[in-house]
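In terms of the working numbering, the numbers along the sequence shown are unbroken and rise by one, the last being 76.
Cβ atoms here follow ideal geometry from the backbone N, Cα and C, with glycine treated the same way.
Quick notes on the structure that follows.
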Amino acid sequence: MSYVSFNDVIELNGILKDKGLNFRIHLRDTCGRQSFWIEPLGNCACEGRYDEMYQVVEEYLEGKGFSVQYDDQKMNFVV
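Given below as structure tokens:
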């Protein structure tokens, strides 16, 4: 079974930072899946950047062989 490692999360957060996207991804462990939540690092700093952040997250995780499924608010996701 594949899983997203802590190093993957650290690398993804570094990519977001390098791109000037003020978000941080956090890992939670759930029964049978890995769950993540998205933390915006300030209201104004993130406005208008959500789609770009989603694209970076999806491209990174899909490149590692995972598919991303968001909840209704798109602030939590599972792989």
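Secondary structure at residue 69, three-state DSSP: helix, strand or coil?
-> DSSP places residue 69 in coil when its eight states are reduced to three.
Go ahead and pull the three-state DSSP assignment for residue 56.
-> Note: residue 56 maps to helix in three-state DSSP.
To the nearest angstrom, how far is it from the Cα of residue 61 to the Cα of residue 21?
-> For the pair residue 61 and residue 21, the Cα-to-Cα distance works out to about 19 Å.
State buried or exposed for residue 58, treating a residue as buried only when at least 16 other CB atoms are found within 10 Å of its CB.
-> Buried.
Would you decide whether residue 38 is buried or exposed? Buried here means 16 or more other CB atoms lie within 10 Å of its CB.
-> If you draw a 10 Å sphere on the C-beta of residue 38, you find fewer than 16 other C-beta atoms in it, and that means exposed.
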